[in-house]
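*Asks:*
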Amino acid sequence: MFNSGETAIVYMEPVGFAYGRNAIGGVVIGFDVDVLLSRPGGRKVIEAKNALSVVRSSRHENREIFFDFEIDLGNLPSGEYSVKLTLNDRHSDETAEVLLDFSIVE
14 MFNSGETAIV YMEPVGFAYG RNAIGGVVIG FDVDVLLSRP GGRKVIEAKN
64 ALSVVRSSRH ENREIFFDFE IDLGNLPSGE YSVKLTLNDR HSDETAEVLL
114 DFSIVE
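Below you can see the structure in the form of structure tokens.
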């Protein structure tokens, strides 16, 4: 539950991702994240492809990675909402979806 105008922080720990290589041979992990904010019944409020890009470089093929980001809830009217986050792996055809339900109160 959030008040109108607040910012939501989303924390994610993806698993099963692929690796790329950078120009000097290091390991790169990368995702592009699509965001779909909707109301009950599937009415779209906001849809943004590649709203966030996450790229991490490493010397090793790490299996542990996390990232967080903020979603500015702006001045959404009170009510129920769902946000669907689609993680698109930059180094494979794999995707993962996360659905978060929340409400806005005044």
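In case it helps, our numbering puts the sequence shown at residues 14 to 119. Built from N, CA and C at the ideal position, the CB exists for glycine as well. Source: prediction; values computed, not measured.
Rounded to the nearest angstrom, what separates threonine 20 and glutamate 83 at their Cα positions?
*Replies:* Taking the first residue of the sequence shown as 1, we reach residue 20 at position 7. Taking the first residue of the sequence shown as 1, we reach residue 83 at position 70. Spanning the two alpha carbons is a distance of roughly 6 Å.
*Asks:* Which same chain residues, not among the five before or five after arginine 103, have their C-beta less than 7 Å away from its C-beta?
*Replies:* Counting from 1 along the sequence shown, the entry for residue 103 is found at position 90. Excluding positions up to five away in sequence, the list reads Gly33, Gly43, Phe44, Asp45.
*Asks:* For the region 88-99 and the region 48-62, state whether three or more C-beta atom pairs, one from each stretch, are separated by less than 8 Å.
*Replies:* yes
*Asks:* Just to confirm before moving on: does the CB-CB distance between serine 17 and glutamate 119 stay below 8 Å?
*Replies:* Within the sequence shown, residue 17 is the residue found at index 4, counting from 1. Within the sequence shown, residue 119 is the residue found at index 106, counting from 1. The Cβ-Cβ distance between serine 17 and glutamate 119 falls below 8 Å.
*Asks:* Are the beta-carbon atoms of serine 91 and valine 40 separated by less than 8 Å?
*Replies:* As a working note, residue 91 is residue 78 in the sequence shown. As a working note, residue 40 is residue 27 in the sequence shown. No, the pair does not count as a contact, with Cβ atoms beyond the cut-off.
*Asks:* Which value, in whole angstroms, describes the spacing of the CA atoms of valine 23 and glutamate 77?
*Replies:* Taking the sequence shown and counting its residues from 1, one reaches residue 23 at position 10. Taking the sequence shown and counting its residues from 1, one reaches residue 77 at position 64. Cα to Cα, the separation comes out at about 17 Å.
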